[in-house]
Structures are given as C-alpha cells and as structure tokens.
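*Asks:*
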Amino acid sequence: MTLTKRSLMLATVALAASLGAAAAQDAVKIVGVVELSGAGATAGTNYKNGAQLAVDEINAAGGILGKKIEFVVYDTQTNPGNTRAAVQRGVDEGAFAIFGPVFSGPIGASMQIAQKAGVPQIVGGEAAGLTKQGVTTLFRTSLNQADAMPKLANYFKDAVKASSVAVVWVNNDFGKGGRDAIIPELQKRGIKIAADIATESGQADFAADAIKVKNANADAVFVYLNEEESARFLRAIKQQGYDKPIVGETTLLGAKVIELAGAAAEGAKGHVGLSVDAPVAGFAEFGKKFQAKFNYKSDHNGIKGYSGMYMLKSVVEKTGKFDKEAFLKAAHGAVIKVKDVPGILIDSKWDDNGDVDRESFLAEVKGGKQVITGTLPPVNKF
Amino acid sequence: MTPPSPLSRLDLNLLVLLLGAAILWFVPAGMKSYGIYVISFWLVMSIAAMGLNLTLGYAGLKSLAQAAFLGIGAYTTALMTAKGGIAGPVWSWPLAFLASGALTFLAGILLGFPALRVKFHYLAFVTLAFATLMFLIFRNEQWLTGGVYGFPNIPRPTLFGVKLLNDLAFFRFLLVVTLALSVAMWWLLRSPWGRAFMALRENPLRAASLGVNLRSYTLLAFAIGAGYGGFAGALYAPMVEFIDPAPFAISASFVLLLTVVVGGQGYFLGPFLGAAFSYVLPEMLRVTGGYYLLVYAALVLALLLVSPQGLLGLVEKLRERRRVKAAQAMRDASKVMLEARP
Amino acid sequence: MDQLLQLVLAGLATGSIYALAAIGFTLVWQTSQTINFAQGEFVMLPAILVLAAVKFLHLPLPAAVLLATGAFLLLFGFGFKKFLVDPMLRHGVLPLAIATMALSILMKEGAKDGFSAEAQQFPSLVPDGAVNLFGATLSLRDIAIFIVAVVAIVLLQLFVTRTRTGRMMQATAQNPDVAKILGIPTEQMILLTFLINAGLAVLASFLISPIYLAKFSNGEVIGTAAFIAAIVGGFNQVRGALLGGFIVGLVDNLAAAYVSSAYRAAVPLALLVLVILFKPEGLLGRKEERTV
Amino acid sequence: MSARDHLARGAPMLRVENLSKHFGGIRAVDDVTFEVNEGEILGIIGPNGCGKSTLFNCILGQLQPTDGRVTLGGEEITGLFPADLNRRGVSRTFQLLQVFPNLTVRENLILAGQEHVGSMMSRLFGPRDAGLGTAAEKMIGFFNLGHLADSKAGGLSYGQQKLLDAAMAFMAGPRLVLLDEPAGGVNLTMLASLKERLRAINREQGATFVVIEHNMDFVMSLCDRVIVMAEGKVLATGTPDEIRADPAVIEAYLGH
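Residue numbers (this note's numbering), protein chains in the order written: chain A, 1 to 382; chain B, 383 to 724; chain C, 725 to 1016; chain D, 1017 to 1272.
1) Need the endpoints of the beta strand (DSSP E) that residue 1108 of chain D sits in, please.
2) Counting only C-beta atoms, is residue 682 of chain B closer than 8 Å to chain C at any point?
3) One question on the structure: do residue 759 of chain C and residue 962 of chain C come within less than 8 Å of each other, judged by their Cβ atoms?
4) Classify residue 1241 of chain D: buried if its beta carbon has 16 or more other beta carbons within 10 angstroms, exposed otherwise.
5) Runs of 4 residues minimum, wholly inside the stretch 126-202 of chain A: which ones carry the alpha helix (DSSP H) assignment?
6) Using a beta-carbon distance cut-off of less than 7 Å, what residues from the stretch 685-705 of chain B approach chain D?
7) Could you tell me which chain A residues have their CB closer than 7 Å to the CB of residue 945 of chain C, listed as they occur along the chain?
8) Measuring alpha carbon to alpha carbon, tell me which residue in B/420, B/566, B/403, B/628 is nearest residue 661 of chain B.
9) Per the contact definition of three or more C-beta pairs closer than 8 Å, is the stretch 117-133 of chain A in contact with the stretch 156-163 of chain A?
10) To the nearest angstrom, how far is the alpha carbon of residue 1038 of chain D from that of residue 1048 of chain D?
11) For residue 901 of chain C and chain A, any beta-carbon pair shorter than 8 Å?
12) Could you work out which residue in D/1067, D/1040, D/1072 is closest to residue 1225 of chain D when comparing CA atoms only?
13) Give a yes or no on contact between the stretch 1054-1061 of chain D and the stretch 1101-1116 of chain D, applying the rule of three or more CB pairs nearer than 8 Å.
14) Any C-beta of chain D sitting closer than 8 Å to the C-beta of residue 596 of chain B?
15) Determine, for residue 826 of chain C, whether the minimum Cβ-Cβ distance to residues of chain B falls below 8 Å.
16) Touch check for the stretch 597-612 of chain B and the stretch 428-440 of chain B: three-plus C-beta pairs under 8 Å?
17) Please report the distance separating the alpha-carbon of residue 864 of chain C from that of residue 205 of chain A.
18) Which of the residues in the stretch 765-798 of chain C, read from start to end, lie with their CB under 7 Å from any CB of chain B?
19) Whose Cβ in chain C lies nearer than 8 Å to the Cβ of residue 442 of chain A?
20) With a threshold of 8 Å between beta carbons, is residue 738 of chain C in contact with chain E?
21) Please work out which residues of its chain come closer than 6 Å, Cβ to Cβ, to residue 21 of chain A, disregarding the five sequence neighbours upstream and downstream, and give them in chain order.
22) Would you mind giving the Cβ-Cβ distance between residue 768 of chain C and residue 940 of chain C, rounded to the nearest angstrom? I have them listed as a contact below 8 Å.
23) From residue 448 of chain B to residue 1168 of chain D, what does the alpha carbon distance come to, in whole angstroms?
24) With burial defined as no fewer than 16 other Cβ atoms inside 10 Å of the residue's Cβ, what is the status of residue 24 of chain A: buried or exposed?
25) So, does the CB of residue 861 of chain C fall closer than 8 Å to a CB anywhere in chain A?
26) Residue 209 of chain A touches chain C at which residues, Cβ-Cβ below 8 Å?
27) If you run the structure through DSSP and keep just helix, strand and coil, what is residue 896 of chain C?
28) Roughly how many angstroms separate the alpha carbons of residue 142 of chain A and residue 81 of chain A, rounded to a whole number?
29) Using a Cβ-Cβ cut-off of 7 Å (strictly less than) and excluding sequence neighbours within five positions of residue 410 of chain B, which residues of its own chain qualify?
30) Since residue 937 of chain C and residue 845 of chain C are thought to touch, with beta carbons under 8 Å apart, how far apart are those beta carbons, to the nearest angstrom?
31) Suppose the cutoff is 6 Å on Cβ atoms and the five residues either side in sequence are ignored; what does the same chain contact list for residue 892 of chain C look like?
32) Put residue 1086 of chain D into one of helix, strand or coil per three-state DSSP.
33) Out of B/567, B/537, B/453, state which residue places its alpha-carbon closest to the alpha-carbon of residue 512 of chain B.
34) Taking residue 197 of chain A as the query, report the chain C residues whose CB atoms sit under 9 Å from its CB, ordered along the chain.
35) Chain C partners of residue 500 of chain B, CB-CB under 8 Å?
Okay, here's the thing in structure tokens:
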C-alpha cells in the first residue's frame, strides 16, 4: 500500500521534472510525433528520417533565423491515445511546431490539441476528411486522396482502358479513404467495380485475395495497400499467374515494395505523388543524401518529412520571427518554389485548408526500378 | 502470526484509497496538460483493470475481452453524447455512463454463459473470439462507429451547468467517479459476494457443495467486471475526445490482463499499481526512445519470475520474509539465553 | 469451381504451416501445461536470426541457417524450458501463460529493435512458378510447403509411435506421473518436446518467410491460428493438431472469399467457439471423464 | 444406545435404491440399496476400490449414476447438482482437504453458511457476515479453533484443517452430512477430539451422518450401524458388533 503511494509520488515527481525542462535559449523546439512502432512503423520511420535529414542540414547551415532546431521525437505506437498524449506533451514543452504523425487516424485524434494550442502541425496523412474539419493548424505534406484519385481514375480510363476494375484495399483509414475516394471516380467514368476486397493491416497471407481478384476477371486491379502488404500481394497474385495490369497509387510503386516483391513488382504501374525516382532534380538529390545517411532507399514518406521541414523553415523566414500565429497566417496560401527554397524539392502551394497542391507523376516498374512515364499538372494552377 | 487474508485487509485498503484520492485532488494543480492527461489515463485504465481484477483476480475467470468492453462503453458514450446524441445535453453524459455500464453488464452475462460450460484456458479463447468480433464491428460498421476514420468531437461532460473543458476540472471529476467506483467495488468485495467470488476461484467444487450457486456468481463476476470496463469506456471517450478501434484491439486486452497480473491479482489495490506500471511507466520510458516496449516487457517478465503474484505479491512476500526472520531472531535469542544458563 | 479448388489448395498450404506450429503448441501443453502465447513469435524469429547472422556476422547463407537453427534450439527449446517454464510452472498455469505473453512482446520488440522494423526478403529454395492442376493454378512454393510440412509431421508421428524414445515421450505427455513411476526419464522427455517444438517452429519459419517476408510482427497471425488449430483438433495428439491446422487454413481462405473479407478474422474464431462449446475435447480428442 | 433404538426412533431420511455406476465395463457401484434413518450415524467401510467414494459422489451429484435412485425424506434427488442438494440440507466433507486456503477460518465458516440465509440482494447490501457472526463464533468455539479464528486456513495444520472442514459442513445446520474419510491423516489426540465433537453435534443438532472411513476403530466407536462394501456391492449390514463377527467381512478384509 505504501508502495502505491510512493510509486505514485515518484511518478508525479518524474513527470513534473520532465515537463519542467525548458528548451535551450538559442534553439527552437520542434517535436516529432511519429509512428515508430505498430502498424505505421515503416511510414513513420521514413517520415522521421526525412525530417531529421532536413534538420541536420538546416542546423549545419546556421538554423532558422539564427536559431538551431531542437528536434525531439516521440513514438505513438500508431495508437491514437498515445498520439494525443505525445502531441499534448509537445505542446506543453513549448514546441513551435508538431511534426507528424503520418497515419490519418492518429492525426484525427490529435489535431484538436494542436488546434486548441494554436501550434502548427505538419502531417503526412492523405485521408480526404482531415482538412475538411476546419482545423486551422493542420498542414499536409502530400496530396490529399480526394485530389489524387481523380487523376488515377483518368489513368484507368485513358491509359489502361479498363472497363472494369477489381479494388483491393487495406482496411485502415488510409486504405478505406482511398477506396472511398476512387470508387465513385471510377463509376463516374463508366468503369465497373468487379470486386471490392478489404484486407487486414499487417496481413501476411494474400492467397485468397489474389485468387478472388483473378477470378473477378476484371480488366485491371487497383491495389491500395501499405508497403509490405503491397509486396506480399504482388507476390501472391503473380503466383496465381495473373497477367492483367496491376495499378496502384504511390505506395505500390515505392522503393520498398519493389525491393520486397522482387520480380513480382515488374510491370506494376500507376500514379505517384512523391518519388525519389521522379524526373525532378531535387528528388534524386534528396534520395542520394538519404541513402548515404540511413543506408536504405527513402520512400515518399521520407520526402514528406524532408520537404515539410523546409516548408516550415521557408514560412518562418518569410514572417521573420518565431510567431505561431503569424506562421499560420503566412502558411495558408503559401507558394514555395524550388528556385527559392531547394529543400522543398518540388514547387508546392498550400491552400487555406492546409492541403498541398503540386505536380504528380505516372510511373511503372521496369527492370526492378520505378520509371516515370508522365507528369500530371497540379489540380489548380498556381 | 499468519498473514492477513485478502478480505480482512480490505478495511486498510479503503483508508489508502481515500487518502490517495485526497492527495491526487491536489497533485496535478501545478502540472501541464500532458501530465494531467497521463494521470487521467491512469485512472481510467485502473477502473477497467479493477473490473478485470474482479473477474480474474477474485473469481479466477480468465477473460481476454476487457478492452472490448472498454470499447463498447466508449462507443456507447460517444454515440449518446456527441452532436445529435440520444439524450439531452445536461443529462447526456450521466445517462450514457449508466447505459455503458448496463450494456457491458449484459454483454458480460452473455459472455459468461460459455464460462459455465467451459473450463480453464478454453474460456480465454471464447473471450478472445468475442473481443475479435467486437473489434471488427467497431472497425467495419462505419455508419455506427465511424469505422477506421474514428469518432471525432466527443464532448466533455457538463456538471452543474459547467462544461468540464478544463483538463484539471475534468481530471477532478474523473477522480471523484473513480473513487465512487472503487468504493463500490470495495463494498462488493467485503460483502458475502466477495467471499463467494473468492470461493469460486479457490475451489469451485467445494463452493458448490456449500450451496454457492456457481452459475449466478460466475455470471455476476463476468458481468460486473465487464460493467467496470464499460464505465471506464464512458470516461475514456470524453477524455480523449476522439476514439477509433485501435485502443480496443486484442492486444489492448492482453495489456489489461498483464496489468492485473503485474499489479497483483486478487489484491484490491493491484489494478492501480498495475495500471501505473502499464500505462504511466511507458510514458516515463519514452526517454528510452523506441526501446521502451522492450524494457517494459523485460520488466514484466523479470517481475513474474521473481513474484508471480505481481507487485503487491512481492511486497507481501518481502514482509513475510521479514516476519519469519524476526521470529527466527527471537528464537535464536531465546536459545542463546537458554544455553547461556548454567 | 476452379476458384474453390484453388482456395482449397492454397488453404492446405497455409494450413500445413499452422499445423507445424499447432503440433509444437500441443506437445508443450501436454508435457508441461504451458500455454505458449509466444508460439507465433517462435515461428517469426528463426528467419530473422538467419538474416541477422548474414547481416552482422557476414556468414554465407547455409552457415547462417545452421547457426540460427542451433541458437534458436538452444535459446527457445532448452532455455525456454529451463529459465521460464520450470521456475514459473509451480505457480500455476496462469502466471506462466502471462509470462509467455510478456515473452512474445519481448521477442517481437527484440527483433524490431535488434534487427529491423521493416519486412525483409527471405531466400527461398523453391523457384517461383506455378503448375496447372485440374484447371487450378498452384504455385510451386505452396506445393513445396505442403510437402515438406507433411513429411515432417509424418516423420514425427513415426518417431512417436515407432521408436522407444518416442513412445516414452508420448507416455510422458499423456500422464507424467505414471510415466515417472514406470521409470521413464520424464525430465529428458519433456525437454525433448520443447526441442521438437522449437525445431518445428524453425521449419515453419523457413517455409513461410519467403512468402510472408520476414518481419517482427509476423507472429501475431500465426500464433492465433496455431491456438485455434490446436484446440479445434483436440489437445491430445499430433493428428488432431494436423487436422486442426488444415481446417483453420481452409476456413480462413474460404471465409475470405465467400463470407466477407472485412469479417474474415472472426470466422476461424467462431469455429473455435463452436468446437469449444459442443465438442470441447476437440475433433480428434478423447473425452476425459468428469473427476471429483 | 443401540442401532435398534435408532431404527425405532427415526424415519428413513436417505434411501438409496438399486444404485449403479459403471465406468466403461467396470461396475464401480453395483446395485446398492440401503437406508439411513433420521439421527443415525451410518458407517460405510470396505477395502480400497470397493466403490465407497463413487457411491458418495453419485449420491452427492458429483457423478451421474448409471442406474437407480436416491431419495431424501421421500423426495427424489437423483442427479441433482451439489449446490441444489446443499440447499436441501445435504452437506459433505471431502477425502482430500477442501478448505479455502486464502480465507480465514472465520470467513470459511461464514462462507459455508451464507448461501442459506437471506437473498442474493441481502447478501450484497446486508451485513458483511450475513448475520452469521455469532453462529460462526459458536462453531469456532465448538471445534476449539478459537485461537485461529482470524488466521488464513491455508496456514493451519492438517488436523486443524480437517476440523475446519468438518465444522464447515455443519454451519448451515444440515439434515444429512456425508463425511468422506474424516479421520484420514489425523493424529490420535485430534482424532479423539474429532470423534467426540461429531457425537456431540449429532446429539445437539440431531443431524444424520454417513461416514466413509478406513480407520476401523474410529468407525466402530462412532457409528450406530455399519455397511461393508466389496467390489461395488453391499457385503454386509449391521451394528459394529455384528459386523466384527461376520465371517464374510473377515474374509473380504483378510482375503485382500
């Protein structure tokens, strides 16, 4: 019994101590709240590493407005409750901005806290709903699904010339969001949905799903899964001798998937938001630096973290001070060009909802590499 | 000099409980939101663990569904209190709280029926199946639960016309509810029911031969334990203000089970200690970076190897050893005196 | 029709992996009342060990396989029994079960932090490719998995029923007290079951990792499937676990195709509950007389 | 007091008719018939494996008899569950120790009586001891366990636990008590005390006893009447003196 009390007091003392630690005078604190374990570990680790790379570069070049960035990262375990706690902790610790998370569910759980505190939150999530809830502190680092899917639907109609499509998606907020966004777009273009197949996050055995896709006899299959699941699915469907077009969005054509799926990834094609293989000098440059530092190939989440950090730097420098309110004001509607800020990697515009707009690409896996076959303009010209 | 029985120790436990609540009322005053959030989270999970402690620790029924009950309570409360909720604004939370408890109580009875037929670890698998099904329902039935997108904007309760928006106010409200639920549990355990639950765990055969209705008490142990899970859920939802299926998955039920065992199953204060271990410690271990789950698991394993009865079991063991040592010293001393005599 | 056939064949291949894990689970449960919640992680880890040996020790693959197998048998066959099960068992079934839960987290996190959070390719001995069978496409790997698993199980069954050591082990599994009175070195026999369990896990790991990719979280699904298989088949014997494994593999695949992929995970568990409620001794299990 | 007086005094309380229990091909209990009269102490003896314990378990609902019936005061109770039987006034002790080790002696006794008073609700909201404090105190005194009243039962010596086990069987004021080897493993002093207490409680509560026992002296000096079983069947019935003189009984025992 005494132990209960004692441990409790210890706990409070330790908490108080950890909360009391103030940021150093000449540094600006940015707290990363990222999925380092759980279902989002791959995406989160890439996001964190990308951001870390940018932080190191910025600090080496003298920081932002003369202040070094103190970048602290808390793991969310891909759990909304933990994400909330971590964002709250970041806010309490006086973070100038919160970086992350990447998965949309945890973003939804935590964005109110950043909103309440008026702290900018720069996230990697793509689910359409996030920027529709009037949260003024949220900024994306990649295309909204609602913007990406029409581009892909056009691709199905014009390039693949499919009249029916089987849709395979992962049953989490990312996959469901993509599925909910693409199906109406396909139907709008007169394309039939031949099969609508949900799979589990972390699923290992895709044999049944592959068999189902094959027997659906659609003209093409749309695969919207996380990286590892994409690779497993590709292997499973190739084992079934499937020979129709396999189309995906960003993840399916990512480096990790190609590495894991090996030959099974060959011929997969689709739309890519961000890619180190895109014919953009900045991306390739980033890809090299990332590879050199972390010894593996970055996926699109690495680019998100990296370019997001440069977006922050650019907007702060534009306002000329570390003022969150001014930041929020300046960031909405900000247009950042590569010629001014090389670290942004690709010309980008943030609108009033925090959505980002930029060019995107069509790609195909050829010879074990992602090859860009076309470039699509931004949704709205800027 | 034998150690006190778990039931006779209860009176002392109540004292600790009241004292602890009094201290906790003031402790977070200087804390920031994060600290208050962590302590609030600890209280909520303590309630859920308290329920499981009744089912598992006192009545000996292995359940892997406590997080599912937490989820049922959380979604019920979310549905009833969020915009367009069923009840009116002032009464909405208290009603939702009662409804969450009642619904999980009924679910507990339902789940208790297999418990009457099934023995040992099989029961754990039946509850596992139930918990999996509940998780899938939370996730798949988007029209009801918001599915994978989650359920946003769950309001904080209103008390005496004041909305508990402030974290400290909400924490104190939480503390009062926790205290009330703990005292109710305390009363239950010291009543003849508590004795019957323990009899159920220690020796169901003998209990039956003494007229203890195994069926009623088994169902009750399940249902009340589940009800506490529901109550905890009714607090969890407004605390987090957003819920999605993840915190109610199977792994969360596992962690709750670990919580009860680590704290000391069948000890009244075990759930509080266990929840501190499972939910507060990891927050403190964040400094270890990505390794804290590893550290946590290693600590649990080490603890179980040293003391399968959990932390409070360890405390009792140490105290017992000291007692034996003292008695031995006394005997030695008297022996010396005897021998010293000519 | 050929969809059904394909699903059945793929289900049998997956099921044979579940069977390997379930058999080990059953053996360990019988000889020492250990409900091993880390069984799935037992199947996950050997492949990771192999990759770690290649990466950190720069061993060629065959040497890495040998080293990983040896290390795993030592740690999770012998060590698991000696340092976890033996000290915990006298405190009852539950604390031990909880300890294995903690062990499963430890193994998972250890694999993640010590090796990699990401899925890794694992080399396969069998080439990619497929054959046609009655109009159904069947991958060579599935066939290989099925054959290797079944051969291993048949060998195990022969060992148990045809050799003296095997029979002693079986006697120990069925009734350790009587076995001890009969002069069987039960301690050694129990250790043997733990080693066999570890060995089967290694085999399952090497078979499945080329398809599933080696990843720290792979054990979760396999572990649950192995429990279900063990209980559905009946805890009493190897044949039961084998049947249980096939049934779970089949049911899972058929459910994914014909029931609802969103509720797929619940279907094998529903089967489990039905078996527990109506035939608690399992499909091939023997009924035990109610005792007082 | 002889057995004849008992027969004259009491009506049949428990009647077992043609009871059989088969396990596969083994007839553990084979067509057993006997009666126990009110207030009587009946002993059942027999070599190991003669079916005594199986007979007990069939009467008490732990096992389902293959054939035959059991009546209690004229009401059929065959196959009723133990808890139901207990609420009809049938109580038992077990061959192996069956106390609740983590409850105190007092709590063990209160538990043994609590389900017989009040309702479920009164057991939740009523007094903690279910109004059995005095009764438990009396029972503790009666069995000389006063100094141990608040000790955990698991910490008691074997003999003390046996006493507690017996005391628990009497807490609810049962009409019929079945004692399964009450003397097993109990030392001589404790044995005398146990026997004396059992007799006293038989006198005071007027309870009827059926006792299974190996200890011949204990049975012969405690019981009014004795049944001898062998290979599942009743071999002989009579007063202790009659049994001692029965050649079939001597044969059965010496033959083994």
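For each residue, glycine too, the CB sits at the ideal point set by N, CA and C.
*Replies:* According to the structure data:
1) Counted as a single uninterrupted DSSP element, the beta strand (DSSP E) harbouring residue 1108 of chain D occupies residues 1106-1108.
2) Taking Cβ atoms only, chain C reaches closer than 8 Å to residue 682 of chain B, which makes this a yes.
3) The Cβ-Cβ distance between residue 759 of chain C and residue 962 of chain C does not fall below 8 Å.
4) Answer is buried; the Cβ neighbour count reaches 16.
5) Whole alpha helix (DSSP H) segments, 4+ residues: 145-155, 173-188.
6) If the cut-off is 7 Å between Cβ atoms, the stretch 685-705 of chain B has nothing near chain D.
7) Residues of chain A passing the Cβ test: 204.
8) Out of B/420, B/566, B/403, B/628, B/420 has the C-alpha closest to the C-alpha of residue 661 of chain B.
9) Touching, no, given that fewer than three Cβ pairs across the two stretches are closer than 8 Å.
10) Residue 1038 of chain D and residue 1048 of chain D have their C-alpha atoms roughly 12 Å apart.
11) So, not an interface residue.
12) With distances taken between CA atoms, residue 1225 of chain D lies nearest to D/1072 out of D/1067, D/1040, D/1072.
13) These segments do not touch.
14) So yes, residue 596 of chain B belongs to the interface.
15) It does: the Cβ of residue 826 of chain C has a partner Cβ on chain B nearer than 8 Å.
16) With the cut-off at 8 Å, the stretch 597-612 of chain B and the stretch 428-440 of chain B touch.
17) Roughly 16 Å separates the two Cα atoms.
18) For the stretch 765-798 of chain C, which is checked against every Cβ of chain B, not one residue is closer than 7 Å.
19) With chain A running from 1 to 382 in the structure shown, residue 442 of chain A is simply not present.
20) Of the chains in the structure shown, none is chain E; the protein chains are A, B, C and D.
21) Caution applies to residue 21 of chain A, whose pLDDT of 42 falls short of 50 and renders its modelled position unreliable; the model cannot decide the point.
22) Between residue 940 of chain C and residue 768 of chain C the Cβ distance is about 7 Å, and since that is below 8 Å, they are a contact.
23) Whole-angstrom Cα-Cα distance: 31 Å.
24) Because the pLDDT of residue 24 of chain A is 45, which lies under 50, any placement of that residue in the model is unreliable, and the question is left without a value.
25) Yes - at least one Cβ of chain A is within 8 Å of the one on residue 861 of chain C.
26) Against chain C, a Cβ distance below 8 Å from residue 209 of chain A picks out 980, 985.
27) Per DSSP, reduced to three states, the secondary structure at residue 896 of chain C is helical.
28) So the alpha carbons of these two residues sit roughly 24 Å apart.
29) Hits under 7 Å: 417, 418, 421, 550, 553.
30) Rounded, the Cβ-Cβ distance is 6 Å, consistent with contact.
31) Excluding residues within five positions, the ones whose Cβ falls inside 6 Å are 908, 913.
32) Looking at residue 1086 of chain D - three-state DSSP - the assignment turns out to be strand.
33) It is B/453 whose Cα lies nearest to the Cα of residue 512 of chain B.
34) Below the 9 Å Cβ cutoff, chain C contributes 980, 985 as neighbours of residue 197 of chain A, in chain order.
35) 1000, 1001, 1004, listed in chain order.
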